[in-house]
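Protein sequences appear in the order of chains A and B. Sequential numbering from 1 applies to the first sequence in this note's numbering. Sequential numbering from 1001 applies to the second sequence in this note's numbering. The beta carbon of each residue, even a glycine, is placed where N, CA and C say it ideally should be. Shown next, in structure tokens, is the structure this report addresses.
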Amino acid sequence: MFDYETMRVIWWLFIGVVAIAFALTEGFDFGVSTLLPFVGKTDVERRVIINTVGATWEGNQVWLVLLGGAIFAVWPAVYATLFSGLYVAMLLVLFALFFRPAGFDYRSKVSDPRWRNAWDWGLFIGGTLPPVLLGVLVGNLILGLPFHLDQDLRAFYDGSFWGLLSPFALLCGVVSLLASSFHGALFLKWRTEDVIHDRATQTVAILGPLLLAGMVAVTLWVFIGIDRPEITQMAATDAPSNPLNKAVIAVGASWLQHFMAHPWMLLAPLLGFLGLILAWLLGKGTSTMAAFLFSSLGIAGILLTVGFGLFPFLLISSTDPRSSLTLWDASSSHTTLLWAFWITVVFLPIVLLYTRWVYKILWGSITEASVLKDSHTLY
Amino acid sequence: MIGDDVVMLSRLQFGLTALYHFLFVPLTLGMTFILGIMESVYVMTGKEVYKDMTKFWGKLFGINFAMGVTTGLTLEFQFGTNWAYYSHYVGDIFGPLLASEGWMAFFLESTFVGLFFFGWDKLTKVQHLTVTWLLAVGTSLSALWILIANGWMQYPVGAEFNYETLRMEMTSFADVILNPVAQVKFVHTVAAGYVTGSMFVLGISSWYLLNKRDIGFARRSFSIASAFGLASILSVIVLGDESGYTSGETQKMKLAAIEAEWETEPAPASFTLIGIPDQNGQRTGYAIKIPFLLGLMATRSIDEEVKGLKELQEGSLVRVKNGMVAYGELQKLRSGDHSDATKQAFAEHKADLGYGLLLKKYTENVVDADAAMIEKAANDTIPKVAPLFWTFRVMVACGFTMLFVFAMTFYYCATRVADQKRWLLRMAVWCIPLPWIAAETGWFVAEFGRQPWTISGILPTHLSVSSVSSGQLWFSIGGFALFYTVLLIIELYLMQKYVRIGPSSLHTGRYCHEQATTTAH
């Protein structure tokens, strides 16, 4: 049961799980940071907002680190091609993330309002630019990226940073930001009382329809206006990984046909839409916890839709379709996949257990009174 | 062919960002352990001052930890952004080690660090102590995995080249993990981290003692730092000697370069204490030598030779020629000739494939290299001697100076007269930068000494880079320079601010800036 082909599929699922865990946990951290300067008017209000995520954001960010590390371990060619190809975009994400550790930890260590205000905007950048750029990245995964591999399997990128910012990709960036802000607003609402709680409710009410409209637009655009390549011939699914051992045509069955060919895959977009519609309806009212859970399901549905839609592609090349990377020909060796599998099987439950414990200990509403009481220890 | 400027700028960026990250890592490693010790004493004795110590030094640790997280993220991104061919070529081995670090270390430290700061009133004493120790274990586990990865770059075991996938692939995970170079590097490096934490606490406590403020608090911090520091510096030195021993086995070239040993001397070789290495003339001028010492350290024997650079270069020449054969056979395999004879010929020579790849710098086809190119490639295998020679000696000098400081402070702590030895307190303050100097020079010796390889004997540095432009590199280097400079200024500002306020920053009402009282009871 642990043959090479199965391991490749299992790892495709695992990477999906890690990506979803990242989107759900750091998603609300990002959202809370984006909303910070707008929902919090006074210093104490902003401290309330920061401390809803202050004690746990670091653990959440590890999902991003792990996502990078797992892709490196399991699909080295994807890690190499994606990170070097999108050089400028990746560095912009990184530079934006720089604002977060210092923003959380340093902001309240000096009482000068100019200092604190500057860090609030730093946190805003650190929570806003990454979801936008990562959304743009997902858009480009769907459109395909201009890259090719040479005979040594060295990756060359044939486009530029500005080339990434096509209207479709920018729309994906906006949807991603709306999703993280919506998710963050629900989290904020869940963990606060009074004025912040009320403002978060209003934010949920406004962002919900915008997010759903954006998702409809992206879905229609993909089904009507974007070509999907197709593999016409490839090595066996348990053959050694070499992406150049296949033939690919640039325009094959459409995205819609791809989903229709495997109707069960339509559950993913269904989950995405239903989850977020319910999250919006419940989030406007008083069922905040349920709304947050549906929002999580909805975001998971969006990511599953992207993954299913691309299958078996991981990175589509728009300029040299044959160089496209798939889970069959861009994976690590069988030995490595097996080792990484066992490590994950052991440590994933452990991590989830202690993360749950930490959240349980730290759970409870953050209020202005609680912030003022521990003014010297809290962020 | 890859532009030399891209290779040079990629190395510059990696070197600077890694060295910068390494300003914060050792302190994190050391401080988490010291916090664990302080809090253990608190839980055992119930004395509030130990809780205050944990909290105050914890504040300084937090300021540092934020920078460690910030700059560590860069390295995770950078293998992909700047070393894409490296990532493709050895991702099968290097990737799972990084992923393991994520699962076992990053989650542990990052999840519990929040609870360390905000869990004081929400946990029992023993629960909080457990959290603190988990944080310490997490940081040291992180060092373990990254040093297994780094150890593999220095001494690549448990992997082989696969001509079908055109990359290195793992053959034995156990060999990779139990790599002797990695084990020694791990203990040497974490112990250096513990030294850094100890020197930091020792120096700042000395400053409080010199200023006669918060005496009880400072004296207790001083004692813990001097005892833990002495144990740690001894481990660093013993394990540093041990890594001289292992590199005698596996990284002869690096060892010979550090020692500027050009000729193979009759065993046991003498140790060059100081001198002026001359790369072009392949000799070391004005050398002061200690007989027998190098032979004893590197081989643990009196009759084994330590090979000199010139002899090692001859060996490289043979391997470059073998590597050309391997490359030729690889080309045949790739063009579809899968006959047993070709496979056999490739298998016989593939251990030297990396040496063949050194020729890519001079000719794309490798197999058509002329004698001059082969000579140049063999010459490339000798790292630049002078920078290694000097940085190594700076590191060792820092180490022994700190050994002196820790030994003296420990002795006077034991005899309970440490606060009267003002010269020693002053010296401890002035020695605060030493662990950083030692850590940075040590890092330089290990990594610069590995040149011209990213993976010793397997993959040359100049092939490892991404296909990016020098313009993109200038953009990123500029960005790093800007962010890192501003962040460093902010970090140092906050550090000195909280050091000056001292334990009064806890607002317990027990310390010098708050009340008239200056004792910590």
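Quick one: which chain D residues come within Cβ less than 8 Å of residue i?
i, result
"Asn242 of chain A", "The structure shown has no chain D; the protein chains it does contain are A and B."
From the DSSP output, in three-state form, read off residue i for me.
i, result
"Trp1453 of chain B", "strand"
"Ala1520 of chain B", "At Ala1520 of chain B the pLDDT is 39, less than 50, meaning the model places this residue with poor confidence; the figure from the coordinates comes in the next sentence. If DSSP states are grouped into helix, strand and coil, Ala1520 of chain B belongs with coil."
"Ile1490 of chain B", "helix"
"Arg1167 of chain B", "strand"
"Phe395 of chain A", "As shown, chain A starts at 1 and ends at 379. That puts residue 395 of chain A outside it, with no answer to give."
"Ala1134 of chain B", "Inspection of the sequence shows that residue 1134 of chain B is occupied by Leu rather than by Ala. In the structure shown, Leu1134 of chain B sits in a helix (DSSP, three-state: H, G or I)."
"Lys1122 of chain B", "coil"
"Leu133 of chain A", "helix"
"Met1104 of chain B", "helix"
"Gln233 of chain A", "strand"
"Ala1159 of chain B", "strand"
"Leu1210 of chain B", "helix"
"Ile366 of chain A", "strand"
"Leu327 of chain A", "coil"
"Gln61 of chain A", "helix"
"Ile299 of chain A", "helix"
"Phe381 of chain A", "Because chain A in this structure spans residues 1 to 379, residue 381 of chain A falls outside the shown range and cannot be described."
"Ile1002 of chain B", "coil"
"Thr1485 of chain B", "helix"
"Lys373 of chain A", "helix"
Below 8 Å on the Cβ atoms is my contact criterion, and I expect residue i with residue j to pass it. Report the Cβ-Cβ distance as a whole number of Å.
i, j, result
"Thr1381 of chain B", "Pro1452 of chain B", "7 Å"
"Ala89 of chain A", "Leu133 of chain A", "6 Å"
"Val1195 of chain B", "Gly1229 of chain B", "6 Å"
"Lys1310 of chain B", "Ile1374 of chain B", "Not a contact, Cβ separation roughly 16 Å."
"Leu1166 of chain B", "Leu378 of chain A", "Actually they are not in contact, since the Cβ atoms of Leu1166 of chain B and Leu378 of chain A sit about 53 Å apart, beyond 8 Å."
"Thr1111 of chain B", "Thr355 of chain A", "6 Å"
"Gln1078 of chain B", "Phe1022 of chain B", "The Cβ separation is near 14 Å, so there is no contact."
"Phe1118 of chain B", "Asn1064 of chain B", "Wrong, their Cβ atoms sit about 18 Å apart, outside the cutoff."
"Leu1234 of chain B", "Val1184 of chain B", "Wrong, their Cβ atoms sit about 15 Å apart, outside the cutoff."
"Tyr1042 of chain B", "Thr1032 of chain B", "About 15 Å; that fails the 8 Å criterion."
"Tyr1498 of chain B", "Tyr1020 of chain B", "So it is not a contact: roughly 22 Å between Cβ atoms."
"Gly272 of chain A", "Ile302 of chain A", "4 Å"
"Leu274 of chain A", "Leu141 of chain A", "The pair is not a contact, with the Cβ atoms about 24 Å apart (cut-off 8 Å)."
"Ala70 of chain A", "Ile15 of chain A", "6 Å"
"Phe1475 of chain B", "Leu1016 of chain B", "Actually they are not in contact, since the Cβ atoms of Phe1475 of chain B and Leu1016 of chain B sit about 15 Å apart, beyond 8 Å."
"His1507 of chain B", "His376 of chain A", "5 Å"
Of the choices the options, whose alpha-carbon is the least far from that of residue i?
i, options, result
"Val346 of chain A", "B:Thr1111, B:Val1201, B:Ser1100 and B:Leu1359", "B:Ser1100"
"Ile1237 of chain B", "B:Lys1321, B:Phe1400 and B:Leu1358", "B:Phe1400"
"Gly1354 of chain B", "B:Ile1455, B:Ala1341, B:Met1031 and B:Gly1080", "B:Ile1455"
"Trp1103 of chain B", "A:Asp374, A:Trp357, A:Ser365 and A:Ala340", "A:Ala340"
"Tyr79 of chain A", "B:Gly1072, B:Leu1029 and B:Pro1096", "B:Pro1096"
"Val248 of chain A", "A:Ala261, A:Phe259 and A:Pro229", "A:Pro229"
"Gln61 of chain A", "B:Val1113, B:Gly1315, B:Cys1413 and B:Ile1501", "B:Val1113"
"Gly1158 of chain B", "B:Arg1219, B:Ile1204 and B:Val1090", "B:Val1090"
"Phe187 of chain A", "A:Val222, A:Met1, A:Thr56 and A:Gly69", "A:Thr56"
"Ser1221 of chain B", "B:Tyr1050, B:Val1486, B:Gly1295 and B:Ala1428", "B:Tyr1050"
"Pro130 of chain A", "A:Ile196, A:Val74, A:Ser180 and A:Gly85", "A:Ser180"
"Val1367 of chain B", "B:Pro1156, B:Ala1326 and B:Val1396", "B:Ala1326"
"Gly173 of chain A", "A:Phe156, A:Leu137 and A:Tyr157", "A:Leu137"
"Cys1431 of chain B", "B:Leu1073, B:Thr1409, B:Ala1446 and B:Val1445", "B:Thr1409"
"Val39 of chain A", "A:Thr25, A:Trp255, A:Phe99 and A:Ile196", "A:Ile196"
"Gly144 of chain A", "A:Val371, A:Leu314 and A:Tyr4", "A:Leu314"
"Pro1503 of chain B", "B:Trp1390, B:Ala1084, B:Ala1149 and B:Phe1056", "B:Phe1056"
"Ala155 of chain A", "B:Tyr1155, B:His1088, B:Gly1197 and B:Ala1260", "B:His1088"
Could you tell me which residues DSSP puts in a beta bridge with residue i?
i, result
"His148 of chain A", "A:Phe156"
"Asn1365 of chain B", "According to DSSP, Asn1365 of chain B bridges with nothing at all."
"Lys246 of chain A", "A:Met234"
"Pro1460 of chain B", "B:Trp1453"
"Thr336 of chain A", "For Thr336 of chain A, which the question treats as bridged, DSSP gives no partner whatsoever."
"Thr192 of chain A", "A:Ile366"
In chain order, each alpha helix (DSSP H) run of at least 4 residues that lies wholly inside the stretch 1255-1314 of chain B
The stretch 1255-1314 of chain B contains these whole alpha helix (DSSP H) runs: 1293-1299.
Checklist line | Every unbroken alpha helix (DSSP H) inside the stretch 1010-1095 of chain B [4 residues or more] | finding: At a cut-off of 4 residues, the continuous stretches assigned as alpha helix (DSSP H) that sit fully inside the stretch 1010-1095 of chain B are 1025-1045 and 1048-1082.
What alpha helix (DSSP H) runs, 4 residues minimum, are completely inside the stretch 75-148 of chain A? Every alpha helix (DSSP H) stretch that sits fully inside the stretch 75-148 of chain A and reaches 4 residues is listed by chain position as 76-85, 87-106 and 113-143.
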